Amino acid sequence: MGGLSELFFWYALVGTAVFAISGALLALRKGMDVVGVSFIAVVTGVGGGTVRDLLLGDTPVHWVREPLDIAVCIACAVVACALNRWLLGRRMDWLLYADAAGLALFAVLGAAKAEQASAHWLVAVLLGAMSATFGGIIRDIVCGERPILFAKELYITPALLGGAVFVALPGPLGFDLRALCGLAAALVLRLVAIRLSLSLPFPRYRAPLDE
Amino acid sequence: MGGLSELFFWYALVGTAVFAISGALLALRKGMDVVGVSFIAVVTGVGGGTVRDLLLGDTPVHWVREPLDIAVCIACAVVACALNRWLLGRRMDWLLYADAAGLALFAVLGAAKAEQASAHWLVAVLLGAMSATFGGIIRDIVCGERPILFAKELYITPALLGGAVFVALPGPLGFDLRALCGLAAALVLRLVAIRLSLSLPFPRYRAPLDE
Amino acid sequence: MGGLSELFFWYALVGTAVFAISGALLALRKGMDVVGVSFIAVVTGVGGGTVRDLLLGDTPVHWVREPLDIAVCIACAVVACALNRWLLGRRMDWLLYADAAGLALFAVLGAAKAEQASAHWLVAVLLGAMSATFGGIIRDIVCGERPILFAKELYITPALLGGAVFVALPGPLGFDLRALCGLAAALVLRLVAIRLSLSLPFPRYRAPLDE
Numbered sequence: 001m002g003g004l005s006e007l008f009f010w011y012a013l014v015g016t017a018v019f020a021i022s023g024a025l026l027a028l029r030k031g032m033d034v035v036g037v038s039f040i041a042v043v044t045g046v047g048g049g050t051v052r053d054l055l056l057g058d059t060p061v062h063w064v065r066e067p068l069d070i071a072v073c074i075a076c077a078v079v080a081c082a083l084n085r086w087l088l089g090r091r092m093d094w095l096l097y098a099d100a101a102g103l104a105l106f107a108v109l110g111a112a113k114a115e116q117a118s119a120h121w122l123v124a125v126l127l128g129a130m131s132a133t134f135g136g137i138i139r140d141i142v143c144g145e146r147p148i149l150f151a152k153e154l155y156i157t158p159a160l161l162g163g164a165v166f167v168a169l170p171g172p173l174g175f176d177l178r179a180l181c182g183l184a185a186a187l188v189l190r191l192v193a194i195r196l197s198l199s200l201p202f203p204r205y206r207a208p209l210d211e
Numbered sequence: 001m002g003g004l005s006e007l008f009f010w011y012a013l014v015g016t017a018v019f020a021i022s023g024a025l026l027a028l029r030k031g032m033d034v035v036g037v038s039f040i041a042v043v044t045g046v047g048g049g050t051v052r053d054l055l056l057g058d059t060p061v062h063w064v065r066e067p068l069d070i071a072v073c074i075a076c077a078v079v080a081c082a083l084n085r086w087l088l089g090r091r092m093d094w095l096l097y098a099d100a101a102g103l104a105l106f107a108v109l110g111a112a113k114a115e116q117a118s119a120h121w122l123v124a125v126l127l128g129a130m131s132a133t134f135g136g137i138i139r140d141i142v143c144g145e146r147p148i149l150f151a152k153e154l155y156i157t158p159a160l161l162g163g164a165v166f167v168a169l170p171g172p173l174g175f176d177l178r179a180l181c182g183l184a185a186a187l188v189l190r191l192v193a194i195r196l197s198l199s200l201p202f203p204r205y206r207a208p209l210d211e
Numbered sequence: 001m002g003g004l005s006e007l008f009f010w011y012a013l014v015g016t017a018v019f020a021i022s023g024a025l026l027a028l029r030k031g032m033d034v035v036g037v038s039f040i041a042v043v044t045g046v047g048g049g050t051v052r053d054l055l056l057g058d059t060p061v062h063w064v065r066e067p068l069d070i071a072v073c074i075a076c077a078v079v080a081c082a083l084n085r086w087l088l089g090r091r092m093d094w095l096l097y098a099d100a101a102g103l104a105l106f107a108v109l110g111a112a113k114a115e116q117a118s119a120h121w122l123v124a125v126l127l128g129a130m131s132a133t134f135g136g137i138i139r140d141i142v143c144g145e146r147p148i149l150f151a152k153e154l155y156i157t158p159a160l161l162g163g164a165v166f167v168a169l170p171g172p173l174g175f176d177l178r179a180l181c182g183l184a185a186a187l188v189l190r191l192v193a194i195r196l197s198l199s200l201p202f203p204r205y206r207a208p209l210d211e
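Chains as they are written, first to last, in the UniProt record's numbering: chain A, 1 to 211; chain B, 1 to 211; chain C, 1 to 211.
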C-alpha cells in the first residue's frame with residue numbers, strides 16, 4: 001500500500017468492511033454459527049486483495065503483517081450477527097449500494113497496485129477487476145451460491161471501466177485525481193446499472209439449456 | 001518445517017495421510033477411477049498446507065521439494081481403492097476421529113509457521129484454522145459436495161482454539177509443550193463436539209431460505 | 001518460459017486459446033454477456049498455468065508481464081460470441097480434439113517448468129497434470145458445472161502420462177524431442193480414450209449414492 005494516499009487507506013478499509021458484511025449476511029442466511037460467519041466474512045473481505053497479491057507475487061499477502069483488515073472483518077461479522085433479526089426485516093438496498101462502492105474502490109486499487117508492479121495496462125485493468133470481484137466469487141463458491149458474476153446487471157463491466165479510467169489518465173494528474181475519476185466512473189456505472197437493470201446484450205442459445 | 005521437531009514431522013505426515021484418505025473416500029463415492037481418486041487425495045492432503053504456504057509467500061510450496069507428502073497421499077488413495085468394498089460395510093467413526101486429529105495438528109502447525117514468519121498473533125491463529133480447514137473445503141468444492149464448514153458440530157472453532165492456545169502460551173515453555181497443549185485443546189474440543197453434537201448458537205433467519 | 005523453444009511458445013499460445021474458447025462456450029451457454037464471457041475465457045485460458053506458477057513461486061505469474069495470453073483469450077471470447085449462433089448448430093467434436101491438444105501441451109510444459117525449478121520427478125509429473133487440468137476445473141467451478149474431472153473417459157491419466165514420458169526421457173535427447181514424445185503420448189491416449197470411451201476400472205459403491 002506504500003504509495004497510496006491516506007484517503008485511500010481508509011477507503012480500502014471501508015471496502016473490506018462492506019465485502020465482509022456481504023459475506024456475513026450470506027453465511028447467516030446459510031445457517032452458520034458466529035465463528036463460521038466470521039470466517040466467511042474474513043475470506044470475503046480480504047479474498048479479492050489476496051488473489052491480487054498472490055498473482056503479483058506480493059507475499060506475505062497484505063493482511064499477514066497488518067491484521068487491521070482481519071479485525072475489521074471479524075467486527076463486521078459480530079455486528080451482522082447481533083443485528084441479524086433487525087436486518088432481516090429491512091430492504092437490502094443500502095448493502096447493494098455499499099457493495100458497489102467496494103467494487104469501484106477495489107477495481108481502482110487493484111489496477112494501481114498492478115501498475116506499481118509495472119504490469120502492462122491491459123493486465124492492470126484485468127487485475128483490478130479480479131480484485132474487485134474475486135472476494136464475492138470465493139464467498140459464493142464456498143457458500144454454495146450461484147456466483148454473483150451471473151448477475152443480470154453489469155457487474156464486471158463497471159470494475160473494468162474504473163480500472164481503465166485510472167490507467168488511461170496520464171500520470172502527471174497525480175494518483176489521487178486519477179483514482180477518484182476511476183472510482184467515480186465505476187461507481188456511477190454500477191449504480192446506474194442497478195437502477196435501470198442495465199445489461200449488455202446476451203448472445204444466448206435458443207436451445208433449452210441442459211442444466 | 002525448519003524449526004519443527006521430529007515428532008511433529010511425523011505427526012504432520014499422519015495428518016496429511018488422514019486428509020488424503022478422506023479425499024479418496026469422497027472421490028470413490030463420487031464414482032471416480034483410481035487416478036482421479038489419487039488426484040483428489042493429493043489435493044485434499046496437501047491443500048491446506050499449500051494455501052498456508054502461498055499466503056505466507058513460502059514458495060515453492062512445501063511438497064515441491066519434498067515429495068514424501070505426495071507419495072503418502074497416493075499410497076493412501078491406492079489403499080482406499082483396494083479396501084473400498086470392505087470399508088463400505090463399516091461405520092466411518094474412526095475416520096471422523098482421525099480427521100479430528102488432522103484438524104488439530106494442522107491448526108497448530110499452521111499457527112506455528114505463521115508465527116515463525118512473524119505474523120501477528122491474530123493472523124497466526126487464523127492461518128492455522130485455514131491450514132486445518134482448506135484441504136477439506138477444496139476437496140468438497142472440487143467434488144461438488146456441500147463444504148464441511150456447514151457441519152452442524154463445531155469445526156472451525158476447535159481449529160481456532162488450538163492455534164490460540166499455541167500462540168497464547170509463552171515462548172519459554174518450548175515449542176513442543178506449546179504445540180502439544182494446542183493440539184490437545186483442539187482435539188478434545190472437536191471430539192467432544194462430535195460426541196455431544198455441540199454447536200454454537202445459530203442466529204438463523206425465520207423466513208424460509210430462497211435456496 | 002526462458003528455456004522453452006520457439007515452437008513451444010506458439011504451441012502454448014494455441015493451448016491457451018483452446019482453453020479460452022472452451023471457457024467462452026460454457027459461459028455463453030450459461031447466459032453471460034460478452035464481458036463475462038471474456039472474463040471466464042481469460043480465467044480458463046491462463047488458470048492452469050497460473051496455479052503452476054503460484055505453486056512454484058514463479059511470481060508475478062507469467063501473464064502479468066506478457067499480456068499476449070490475455071489478449072488472445074479476449075480475442076477468442078469475442079470470436080466465440082460472434083459465432084455463437086453458428087456454433088450452436090455444429091457438433092463440438094473439433095473442440096474436444098483441440099481441448100485434448102491443450103491438455104497434452106500444458107501437461108508437458110508444466111512438467112518442464114517444474115523440472116527447471118528442480119522439483120522431484122513425481123512432483124513434476126503432478127504439476128504438469130495440475131497445469132493441464134486446473135484451468136478447466138476453475139472454469140467449471142466458477143460456472144457452477146460438474147468438474148470435467150468426473151468425465152467418464154480418461155482425462156487426468158493422459159496428462160500424467162505426457163508429463164511422465166517427458167520426465168522419464170534422458171536429458172541428452174534434448175528438450176524438443178522429449179517434449180514432443182510426451183506431447184504425442186498424452187494426445188494419443190486422450191484421443192483414443194475419447195474414441196473408444198476408455199476408462200479405468202471404477203471401484204464403485206453398490207449402495208445408492210446419497211447425492
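By construction, the Cβ of each residue, glycine as well, lies at the ideal position given by its N, Cα and C atoms. In this text, all values refer to a predicted model and were calculated from it rather than measured experimentally.
Cβ neighbour criterion (16 or more within 10 Å) applied to residue i
| i | result |
| --- | --- |
| R65/B | exposed |
| A207/B | Low confidence applies here, because A207/B scores a pLDDT of 42, under 50, leaving its location unreliable; read the following figure in that light. Its Cβ having fewer than 16 others within 10 Å, A207/B is exposed. |
| D53/A | buried |
| G174/C | exposed |
| P158/C | buried |
| R85/A | exposed |
| P170/A | exposed |
| P172/A | exposed |
| E115/A | buried |
| S118/B | exposed |
| V192/C | exposed |
| L160/B | buried |
| F39/A | buried |
| R146/A | exposed |
| L26/B | buried |
Cβ of residue i within 7 Å of any chain C Cβ
| i | result |
| --- | --- |
| T44/B | no |
| L54/B | yes |
| T16/B | no |
| L189/A | no |
| residue 222/B | The structure shown does not extend to residue 222/B, since chain B spans only 1 to 211, so no value can be given for it. |
| G36/B | yes |
| residue 300/B | Any answer about residue 300/B is impossible in this case: the structure gives chain B only from 1 up to 211. |
| T59/B | yes |
Chain A within 7 Å of residue i, Cβ atoms only
| i | result |
| --- | --- |
| V123/B | yes |
| I137/C | no |
| I156/B | yes |
Closer than 7 Å to chain B by CB, residue i
| i | result |
| --- | --- |
| F39/A | yes |
| H62/C | no |
| I194/A | no |
| L183/C | no |
| P147/A | no |
| A119/C | yes |
Residues near residue i by beta carbon distance below 6 Å, same chain, minus five either side
| i | result |
| --- | --- |
| T50/C | V61 |
| A98/A | V18 |
| L56/A | A117 |
Own chain partners of residue i with C-beta closer than 7 Å, once the 5 adjacent residues on each side are dropped
| i | result |
| --- | --- |
| L183/A | A104, L105, V108, G162 |
| V167/C | A111, E115, W121, A124, V125 |
| A164/B | V125 |
| L96/C | I194 |
Residues near residue i in its chain [Cβ-Cβ closer than 8 Å; skip 5 each side]
| i | result |
| --- | --- |
| L13/A | L68, D69, V72 |
What residue ranges within the stretch 65-133 of chain A form continuous alpha helix (DSSP H) runs of no fewer than 4 residues, ordered along the chain?
68-82, 84-88, 93-116
On the three-pair Cβ rule with 8 Å, is the stretch 123-137 of chain B touching the stretch 57-73 of chain A?
yes
So, does the stretch 8-22 of chain C touch the stretch 128-140 of chain A, judging by three or more C-beta pairs under 8 Å?
no
The stretch 97-109 of chain C touching the stretch 38-49 of chain B, judged by at least three CB pairs closer than 8 Å:
no
So does the stretch 64-83 of chain B actually touch the stretch 128-136 of chain B, counting three or more Cβ pairs closer than 8 Å?
no
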